[in-house]
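When we follow my numbering, the leftmost residue of the sequence shown carries the number 1376, and every step to the right adds one.
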Amino acid sequence: MNKIFTFLTAPVTAFFYPPVYQDAAKSSVGRGVLYSLYLAGLSVVLVMMVLSARVMPRVDAFIDWTKLNMPAMVWTPEGLSLENGQTSAVLTHPRLGTIISFDMTKTNVTEADMGKAYVMVTAKKIFLRRAPGQIEGRDITGAGMRSSQQLPPRVRINGDIVVKMYQNIKGAMAFVMPFLMIIFFFMFFLVANLFYSLVGLLFNLMRSERLRYGAIFNLTCFATTAAFTLTWLRVLIPLRALNWPLVLNVVINLVFMFFAFKVTDKKKETV
1376 MNKIFTFLTA PVTAFFYPPV YQDAAKSSVG RGVLYSLYLA GLSVVLVMMV LSARVMPRVD
1436 AFIDWTKLNM PAMVWTPEGL SLENGQTSAV LTHPRLGTII SFDMTKTNVT EADMGKAYVM
1496 VTAKKIFLRR APGQIEGRDI TGAGMRSSQQ LPPRVRINGD IVVKMYQNIK GAMAFVMPFL
1556 MIIFFFMFFL VANLFYSLVG LLFNLMRSER LRYGAIFNLT CFATTAAFTL TWLRVLIPLR
1616 ALNWPLVLNV VINLVFMFFA FKVTDKKKET V
């Protein structure tokens, strides 16, 4: 059987096609490592698809709403002020509730002052709600920023500025995120399969023909595809019937590992 075919189709064929495991058992340990990298690449593609289809439209809609509703402000080295001359404003989302509360008269802010807002902006500081009862304040004056570069004397801040910042962050993340994710997933699959391969050593004792560790690791990498594929089915097809506890993934992987070690065992011929 073409080893490239069994490699590329393994996320599906590992459920029922013994040659997937037979090719893995005959290959060097590099096949298991490359397969972990292959699954990491697939994970990145699927994550980006989910983000593009489900998450980013909501974030884009929120930014568009912010652009229309955020009050215009003016920043100087002395601090912030609302452009319309008022001293207070509230940015309240119809679904998320109060996002930001503005009060240019306050110097210190308590949890009671913030109410249900996630952020409170005063003339001198921005206060962030980190946890219930935990509020962090950051100085936004020129003195508090301590920039090595000369700060502008006046900056107008409105919804358009928020959109531009979001677009810059979005563009940078689109480039950086896939690179970081493939490293994370690759290391995760490698470490997980190293632990699973310890069980593979036990399964190896049940075989008539014992395998070297490289083959054990390869079989482990391909057998644990089962939980990988089922997990992504649960994400892409969000049906309640497909929900199960995380421990079930471990059981499924062990079942397919047992299957992989059995279908690749050459039983000794009896005379």
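Don't be surprised by glycine CBs; every beta carbon is placed ideally from N, CA and C.
Item	Value
Secondary structure, beta strand (DSSP E): runs of 3+ residues fully inside the stretch 1522–1560	1530–1532
Other residues of its chain near V1630: CB distance less than 8 Å, five sequence neighbours each side excluded	A1601
8 Å Cβ cutoff met for F1560 and S1418	yes
Residue burial classification, D1439 (beta-carbon count within 10 angstroms, cutoff 16)	exposed
Rounded C-alpha distance that separates F1647 from L1421	Residue 1647 lies beyond the range of the chain shown here (1376 to 1646); nothing can be said about it.
CB-CB length for D1355 against M1495, believed under 8 Å	The question about residue 1355 has no answer here: the residues shown for the chain are numbered 1376 through 1646.
Nearest-angstrom Cα separation, counted from P1386 out to F1578	22 Å
Sheet register partners of I1501 (DSSP bridge)	V1496 and R1513
The stretch 1492–1507 / the stretch 1468–1483 touching (three or more Cβ pairs under 8 Å)	yes
F1477 - containing alpha helix (DSSP H), residue span	Note, F1477: premise wrong, no alpha helix (DSSP H); beta strand (DSSP E) at G1472 to D1478.
Per-residue burial, F1570 [other beta carbons within 10 Å of its own, 16 or more giving buried]	exposed
Start and end residues, beta strand (DSSP E) containing G1454	G1454 to L1457
Contact check, N1444 vs L1466, beta carbons under 8 Å	yes
P1484, DSSP secondary structure in three states	The sequence given here places Val at residue 1484; Pro does not occur at that position. The answer is coil: DSSP assigns V1484 none of H, G, I, E or B.
Simplified DSSP assignment, three categories, for S1411	helix
N1444 beta carbon near the ligand SAM (any heavy atom closer than 7 Å)	The model depicted lacks the ligand SAM and carries no ligand whatsoever.
Close-in-space but distant-in-sequence residues of the same chain around D1640 (CB under 7 Å, 5 per side omitted)	R1582, S1583 and E1584
Distance, A1389 Cα to R1406 Cα	15 Å
Backbone CA spacing between T1441 and A1549 [nearest angstrom]	22 Å
Proximity winner among M1424, K1378 and K1491, relative to I1475 (alpha-carbon distances)	K1491
Reference I1510, options Y1493, R1587 and I1536, closest by Cα	Y1493
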